[in-house]
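Notes to accompany the following structure.
There are 2 protein chains.
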Amino acid sequence: MRQVTINDIAKLAGVAKSTVSRYLNGGSVGQATREKIERVIQETNYEPNQFAQSLKSKQTKMIGVIVPRLDSYAASRTMMGIDERLTERGYQMLVVNTAQQTEREIEQLYNLAKQKVAGIIWLGTTVTPRHLHAIEAIQIPVLLIGQEHATVHSLVYPDYEAAYALGKQFMDWGHRDVIYVGVEEYDIAVGQARRDGFLRAFSESGASVKTYTTTFKIEDSIPIGAQIGHEQAASLVVCATDNIALGVLKGLANSGKTVPNDVSVSGFGGYDFTEVLHPSLTTVHLPYRRTGAKAADMILQLLTGDVIAMKTFTNFEIKLRESVDILK
Amino acid sequence: MRQVTINDIAKLAGVAKSTVSRYLNGGSVGQATREKIERVIQETNYEPNQFAQSLKSKQTKMIGVIVPRLDSYAASRTMMGIDERLTERGYQMLVVNTAQQTEREIEQLYNLAKQKVAGIIWLGTTVTPRHLHAIEAIQIPVLLIGQEHATVHSLVYPDYEAAYALGKQFMDWGHRDVIYVGVEEYDIAVGQARRDGFLRAFSESGASVKTYTTTFKIEDSIPIGAQIGHEQAASLVVCATDNIALGVLKGLANSGKTVPNDVSVSGFGGYDFTEVLHPSLTTVHLPYRRTGAKAADMILQLLTGDVIAMKTFTNFEIKLRESVDILK
DNA sequence: AAATGTTGCGGAACCGGTTCCGCAACACAA
DNA sequence: TTGTGTTGCGGAACCGGTTCCGCAACATTT
């Protein structure tokens with residue numbers, strides 16, 4: 001009961017295997033032979049061996065996706081979007097996880113190339129010369145999501161603009177003593193763009209700002225929230241991600257503060273649970289899933305040689321909810 | 001600048017390609033030739049073509065993972081565990097998403113077989129005769145996580161026992177008017193085992209129970225929470241998942257109830273954010289990540305022909321937190 | 001009717017590995 | 001010295017496809 005091969009089909013249909021191959025790939029085949037082959041393939045439900053095909057063509061119908069972590073909301077949603085679209089188009093998604101190690105991103109670029117993926121979608125955190133060198137070397141289309149660089153096709157979130165717009169809104173509402181809780185700068189989009197957007201909005205209104213730096217892990221921002229609760233020095237705490245906001249909320253609650261009465265809190269990212277928190281969390285919604293789908297479209301365009309913009313922005317949506325108070 | 005092949009190595013080293021192959025696969029090779037080949041391989045940084053290898057061996061170093069959805073906490077964490085362990089052991093994870101369509105699970109079993117994955121880890125929701133037929137047909141080791149069946153190796157969560165233990169605890173605390181919010185029965189583990197465990201604990205203590213059925217989506221349980229809030233008929237709402245609890249909490253908050261003063265709420269699953277909610281959520285923690293790693297170990301054992309138990313249980317941990325009140 | 005053009009198809013080479021088989025060289029025992 | 005066993009290595013076949021090339025059969029043009 002081994003797998004049916006093109007030779008079997010050829011023998012059963014009484015033709016040469018090259019003819020079967022031509023039939024499969026749309027070459028010129030006579031009516032009569034066409035029917036014979038068709039029937040035999042039906043009966044045996046023959047499926048071509050993908051390794052043999054790839055061996056010859058040096059190509060696969062796979063798109064590699066490099067993600068920094070598998071358990072982040074943003075990554076999950078993006079992967080969903082990518083997968084949906086790729087499946088529709090007859091491609092498959094090959095996810096590789098780098099566990100947030102930059103070194104492994106570079107490794108995986110080479111590794112995916114070795115596996116002859118047709119293209120790579122890279123959910124980036126930081127872009128180094130070594131990344132660029134790898135991308136250059138592997139000769140495979142790469143689409144970068146969430147970060148940008150002049151020489152790599154990228155699909156970026158308008159972090160700066162969204163942060164600025166949200167910060168502006170808070171200023172309009174009269175907040176002047178603000179605390180910003182961000183992450184390290186190595187993550188350009190989250191660590192720098194969001195922070196800079198907010199800070200510009202704040203400074204334009206002459207607000208006083210204090211900054212904390214934490215990680216992407218919820219637990220790490222709890223003590224910061226607690227400290228803020230004790231010091232009681234601000235009317236608003238702006239967080240670089242929803243997870244950070246979650247931790248800050250917990251820390252505030254632990255120190256007996258209520259939101260938004262004692263202090264307001266905002267997040268960034270638009271994770272689904274922010275809506276059902278109590279109080280519901282003011283945040284910026286980023287269209288992760290749609291972005292994933294868009295990325296899939298774009299990488300497929302690159303495969304066909306289409307010329308696309310080096311840099312494409314996604315949109316954003318500000319979700320004003322209960323956790324931020326209107327002061328005036 | 002094409003890829004270096006075994007022929008190139010053979011030529012450069014002045015030997016036959018069969019010798020190079022033997023060198024690579026640990027056959028008998030003399031000291032002198034060994035060194036020559038070694039050097040050439042170093043210089044060219046040759047890497048064998050995986051398609052050619054798979055074509056011959058009809059095998060890959062990939063383990064397929066079938067998941068119902070990519071954006072569930074349980075699935076993400078499990079995938080992390082799987083991936084970590086597989087990477088350590090030189091295997092790769094190939095994730096396929098079924099978007100919660102049973103039909104696609106079956107499709108993917110065949111599809112993964114076609115791709116010659118070495119083994120399959122299946123995060124199941126329901127097991128039908130057609131699944132079993134597929135598993136039988138493809139002749140590839142399959143490890144089922146989260147559901148069970150006599151003929152399939154499985155790694156199951158002690159849903160029934162955990163639910164029973166947690167329910168028992170609530171009874172000890174004096175709750176007698178209980179509402180259970182569950183999901184459809186087609187999901188055996190979540191829809192049936194959890195429910196049955198709770199109901200047994202409740203009925204043993206003669207508590208009165210009312211049951212609601214909802215979906216896995218947060219939004220769908222908000223109205224249920226709201227309704228419960230208005231009817232005010234129970235001291236405790238037990239939810240089949242943490243997401244459901246989240247929705248119920250929201251619904252209760254919307255109707256002006258506070259937890260746990262007016263009514264207690266518990267979840268199930270142990271998602272990380274349950275700890276930082278306010279009030280923090282009483283729940284059962286299931287070791288998704290560790291289970292993923294364990295599953296990886298088990299499937300690799302199956303590959304080497306080891307005999308392992310058909311059914312393995314994971315452990316669980318009850319997290320008693322603020323959202324459930326002690327009545328007496 | 002001869003010259004030319006199409007079309008359909010088979011044979012063979014090729015993709016890049018692995019493995020079987022047999023031979024030569026050498027070591028050792030009788 | 002001959003016989004036997006071992007070791008190292010090359011040649012060839014094979015895995016299952018695709019593609020190039022050339023030939024035969026038939027249709028079309030002049």
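Just so you know, the protein sequences line up as chains A and B, in that order.
Counting along the first sequence from 1, when you hit position 162 you're at 162 in my numbering, and nothing is skipped either side.
Counting along the second sequence from 1, when you hit position 283 you're at 283 in my numbering, and nothing is skipped either side.
For glycine and all other residues, C-beta sits at the position ideal for the given N, C-alpha and C.
Asked	Found
Contiguous alpha helix (DSSP H) assignments of at least 4 residues, all confined to the region 230-272 of chain B	242-254
Beta-ladder partner(s) of L55(A), from DSSP	Answer is none; L55(A) lacks a bridge partner.
S72(B) - containing beta strand (DSSP E), residue span	Run containing S72(B): none; DSSP gives neither H nor E here.
Neighbourhood of D159(A) by C-beta, 6 Å cutoff - its chain only, sequence neighbours within 5 removed	A189, A193, R194
Any non-hydrogen atom of the ligand GTP closer than 8 Å to T5(A) Cβ	Among the ligands in the structure shown, none appear at all, so the ligand GTP cannot be discussed.
For S266(B) and T241(B), believed in contact at Cβ under 8 Å, the rounded distance	Not confirmed; about 11 Å, so no contact.
C-beta neighbour in chain B for L286(A), strict 9 Å	no
Beta-carbon neighbours of H278(B), restricted to chain A and to distances below 7 Å	L249, K250, A253
Euclidean distance between Cα positions of A52(B) and A118(B)	16 Å
Reduced DSSP secondary structure (H/G/I, E/B, other) of G206(A)	coil
Cβ shell of A74(B) (< 6 Å), same chain only, five flanking positions each side left out	Y288
For G270(B), the nearest candidate out of E317(B), T215(B), F202(B), L55(B) (CA to CA)	E317(B)
Three-state secondary structure assigned by DSSP to D196(A)	helix
Within chain B, the residues that R332(A) reaches when beta carbons sit closer than 8 Å	This structure cannot speak to residue 332(A), because chain A is shown only from 1 to 328.
C-alpha gap between V183(B) and Q31(A), whole angstroms	55 Å
Three-state secondary structure (DSSP) of F170(A)	helix
Distance CB(A309(B))-CB(I145(B)) smaller than 9 Å	no
Cβ shell of A165(B) (< 7 Å), same chain only, five flanking positions each side left out	I318
Interfacial residues, the region 252-274 of chain B to chain A, with Cβ spacing under 8 Å	A253, D272, F273
Beta carbon of L300(A) nearer than 9 Å to that of R89(A)	yes
Beta-bridge pairing of E317(A) - partner residues as DSSP gives them	H285(A)
Cβ of K319(B) within 9 Å of any chain A Cβ	no
Test: Y347(B) CB closer than 9 Å to a CB of chain A	The structure shown does not extend to residue 347(B), since chain B spans only 1 to 328, so no value can be given for it.
Identity of the residue in P279(B), K56(B), T314(B) nearest L286(B) by Cα	T314(B)
Close Cβ partners of Q3(B) (< 6 Å) along its chain, the five nearest in sequence each way excluded	none
Distance, A245(A) Cα to S264(A) Cα	11 Å
Under 7 Å from the C-beta of F51(B): neighbouring residues of chain A	F51, S54, L55
D187(A) - DSSP class collapsed to helix/strand/coil	coil
Chain A contacts made by the region 63-90 of chain B, where a contact means CB separation under 7 Å	L70, D71, S76, R77, M79, M80, D83
Chain A contact for K311(B) (CB, 9 Å cutoff)	no
Nearest candidate by alpha-carbon position, reference K250(A), set K210(B), E322(B), W122(B)	E322(B)
Segment limits, beta strand (DSSP E) that includes L24(A)	Taken as a continuous stretch (DSSP letters only), L24(A) belongs to no beta strand (DSSP E), being part of the alpha helix (DSSP H) at 17-24.
Segment limits, alpha helix (DSSP H) that includes Q92(A)	Counting along the chain, Q92(A) falls outside any alpha helix (DSSP H), though it belongs to the beta strand (DSSP E) covering 92-97.
Member of E231(A), I218(A), D297(A) whose CA lies at the smallest distance from the CA of E275(B)	I218(A)
Residues sharing a beta bridge with K311(B), DSSP	S154(B)
Three-pair Cβ contact test at 8 Å for the region 61-70 of chain B versus the region 122-138 of chain B	yes
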